[in-house]
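Residues -21 to -1, 1 to 689, numbered by mature numbering (1 follows the signal peptide of the UniProt record, and there is no 0), are exactly what the sequence shown covers, in order.
In what follows, a single structure is set out as structure tokens and then discussed.
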Amino acid sequence: MEKRSRSFIICFFAFLGMVASDGTEIELEDVEEPPSLGDEEAAFVASALHTGCAGDIFNPCPGHATGIAGEAFADLINTILLSSCLLSPPCAYPPNVGDNCISKTIFDFIVIGGGTSGSVVASRLSEVADWNILLLEAGGDPPMTSDVPLFHINLQRTDIDWNFLTSREVGLFNGLMGRVNRWPRGKTLGGTSAMGSMLYIRGHRRDFDNIAAKGNVGWAYDDLLPYYLKSEDMRELAKLDSPVFSSFHKSGGPLTISRFGPTVPIVEMLQKAASELGAFPNGDLNVQNMPGMASPNVGTVRNGERVNTAKAFLSPVRARKNLFVIKYARVTKIHICPQTKRAYGVEYVYRTETAARTLRTSREIIVCAGAVNSPVLLMLSGVGPKNDLELNNIYVIQNLRVGRNLRDTVTYPLMLTRLNFQNESVSPLESLDAAYEYLTRRTGPLAGIGSEELVGMVSNDEDDYPDIQLRFIYARFNETEVITDLSKAHGFEEEIVVGLLEKLKYHDLIITQMSLLRPHSVGTIRLKSNDPDGAPLIISNYLEHPKDFTELMYGIRFIEKLVNTKTMHKYNASMDYVDFAGCCGIPYGSDYYWSCAFSHIAGTGHNQIGTCKMGPCEDPDAVVDPQLRVHGIHGLRVADASILPSSVTGSTMATVIMIGEKVSDMIKYQWIPNYKPVFFTRSPYPKRTTMMHPKHHKSVYEREPGSANV
């Protein structure tokens, strides 16, 4: 009873908080009435809310904290506790129907993965009242920590992280624990949008125009901008009113975009220093001109809290009668008829059950499991490279190059600049003050992401198409938590961590993380076995192509110039270097040193894409067509970062949300007579389930099983 009453109190105050934060009027008939309390529960609530009747709650130390002072302090404590309960409350997300879902139930559409794109797809498809939508998510609700922007790095290596590991690779990861690279990906409603850095960066126009030029009709920048805008609820009025920015932003969508918490002083100093090199402050990375140092930046935050895609797209519609969500459901196989090649159902394991359950679809299955899990699931289901599947005793239904176009923004995470910027260590009271300000007002340092808000975009050529992205982490003198959190996330070996902590005893540190935006190296994801519980074989092939090293070196030289500016010299700034065991005797700062350093700790930029590559039917490497339908399979689509043929400029979150919006529109256009999509391309979406290619006059579903060049 006490647990139920507490849940009621949390949900009641969460509802009041949402009304207050949105500033919108809500009609009473639109609000679902909370469950009524029984006599015992009502008595408990009354006693909990009345100071005179709840001595245990409001006066925990009766021998000391008495009188008006004791009541005032107890009120403060309870207010803070209640405020923390309003972070990611259970009632904010759709309920789990897994306990009540009967096996072999038929749904119109099944969405696999409730992450960054899956939450969007499930929400948009459930707008059609005649359709029953099932969303299967391997994790549960995001935890409290997820809502606090500053703590995003602490979500890695937790229960909401898939904790993927690459294989050991020659010449890579020599300074990482186990000699493998950790790939954090979200295992929760909202997916990686519930654990990433929240920066909202769409990418460059040329990213998408290049994709469209390779036969992907409808994927040029002008085709996609309406889908970005459809989601967006921009809260920065200056951008909406600006004649420069207003064409690129919109209000009224489900996804709140606003500024982070306060900009830290180190950001302004770095912007000033970069201006000396011609890298001027950029007011908005989501307009056409991207190079420069962008801050203050915008992200998926609302009133100091993270807005993941589940909170944005699912929470407002959690009471829809045609939307069903099963949490803790790990999908192990898609059922595809070998004769008709139609996907008709899914197999999944619920919670700790050992026997798999099955559910069926009457229309389509949409896979939104991410750049790692989507190709793995397709291969386990018989769709993938013929030779690999046969080696793992998997019946081949469609021979496609699944997992073969893996790309990631390779990142060097430890470029060090030592300086004397603040010359004082962090006081323990600062953390307490920050927590108090956040819990009482949702403002202050915890409402932002610190110096990581600053994003530098650098072009190797004299154009507006960036090649290098720079992120900055500022660690004050003796601020050891920054180093330990960063080291835990990346998996640095102990000797590297000890060396970093030693440097921090004498100086402040700026840690620059440098990413190559369009790498030439291509990796792969394969199966180790046909066991769905087994980890995949991830081969990154970072820096395999020599151009990748050359282009990263341009970023290195840019930082060296940045450190030598007049602005930086005011703070006695100078380059510092990590001492790697395998780099002894190599001169610091030389090309040989950086090559050795890359081989130790270069790794993921958290932007994996391409493993279910999109392309027209004549592209032998394509897995899905421009409507995101799996080539040769009826009723099966993929809609996440895995479909992107090439990398986009910046983080992928905004683009993956756009993919969810676009595929939902394409599905509605295919199945609803006279439906008007958000945007018509020059070649509208085909209404037939078999698209005729203009050159070959042959259905994309008639490709031969062995037609892929594997």
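C-beta atoms are modelled at their ideal positions from N, C-alpha and C, and glycine is treated no differently.
| query | result |
| --- | --- |
| List the endpoints of the continuous beta strand (DSSP E) containing H314. | A308 to I315 |
| What do you reckon, are the CB atoms on Y391 and M493 nearer than 8 Å? | yes |
| Go through its chain and collect everything with a Cβ distance to F187's Cβ below 7 Å, but skip five positions before and after it. | W198, A199, Y200 and L203 |
| Below 8 Å between beta carbons: does that hold for P128 and R285? | yes |
| Flag this pair as yes or no: are the beta carbons of C622 and I636 separated by less than 8 Å? | As written in the sequence, residue 622 is Ile, which differs from the Cys given in the question. No, Cβ-Cβ distance for I622 and I636 is not below 8 Å. |
| Output yes or no for whether 8 Å exceeds the beta carbon distance between A348 and D619. | yes |
| Per the DSSP calculation, T388 is bridged to which residue(s)? | Answer is none; T388 lacks a bridge partner. |
| On the premise that K320 lies in contact with G611, defined as a C-beta separation below 8 Å, what is that separation, rounded to the nearest angstrom? | 6 Å |
| Name the one or two DSSP bridge partners that E211 has. | L234 |
| Could you say if the region 329 to 341 and the region 92 to 102 meet the contact criterion of at least three C-beta pairs nearer than 8 Å? | no |
| Compute the Euclidean distance between the alpha carbons of K647 and R380, then round it to the nearest angstrom. | 28 Å |
| When we look at the beta-carbon of C591 and count the other beta-carbons within 10 Å, is it buried (16 or more) or exposed? | buried |
| Checking 8 Å against the spacing of the C-beta atoms, do F239 and G278 come in under that value? | yes |
| Using 8 Å as the threshold, is the C-beta distance between F292 and P233 below it? | yes |
| Can the beta-carbon of residue 696 be found closer than 8 Å to that of Q606? | With the chain covering -21 to 689 only, the question about residue 696 has no answer from this structure. |
| How many angstroms separate the CA atom of R667 from the CA atom of T634? | Model confidence at R667 stands at a pLDDT of 42, short of 50, so the residue's coordinates are unreliable; what they give is reported in the following sentence. Computed Cα separation, rounded: 27 Å. |
| Name, in chain order, the residues that DSSP records as bridge partners for T331. | DSSP output for T331 lists no bridge partner at all. |
| Sort out for me which residues DSSP pairs M272 with in a bridge. | P260 and G435 |
| Under the three-state reduction of DSSP, which class applies to N378: helix, strand or coil? | strand |
| Roughly how many angstroms separate the alpha carbons of M272 and L264, rounded to a whole number? | 9 Å |
| Hey, out of P275, C70 and M177, whose CA is closest to P241's CA? | P275 |
| Three or more beta-carbon pairs under 8 Å between the region 506 to 521 and the region 462 to 472, yes or no? | no |
| What would DSSP say about I535, mapped onto helix, strand or coil? | helix |
| Just to confirm my understanding: we take E539, look at its own chain, exclude 5 residues before and 5 after, and list those with CB closer than 7 Å. What are they? | M554 |
| Answer yes if the region 116 to 126 comes into contact with the region 358 to 365, meaning at least three C-beta pairs across the two stretches below 8 Å, and no otherwise. | no |
| Give a yes or no on contact between the region 76 to 85 and the region 136 to 156, applying the rule of three or more CB pairs nearer than 8 Å. | no |
| Where in the region 44 to 132 do unbroken runs of the beta strand (DSSP E), each at least 3 residues long, occur, reported from the N-terminal end onward? | 85 to 91 and 112 to 115 |
| In the DSSP assignment, what are the bridge partners of R608? | R616 |
| For V246, report the span of its alpha helix (DSSP H) as first-last. | P244 to S254 |
| Taking L615 as the reference, give the member of G435, I344, F456 and P624 with the closest Cα. | I344 |
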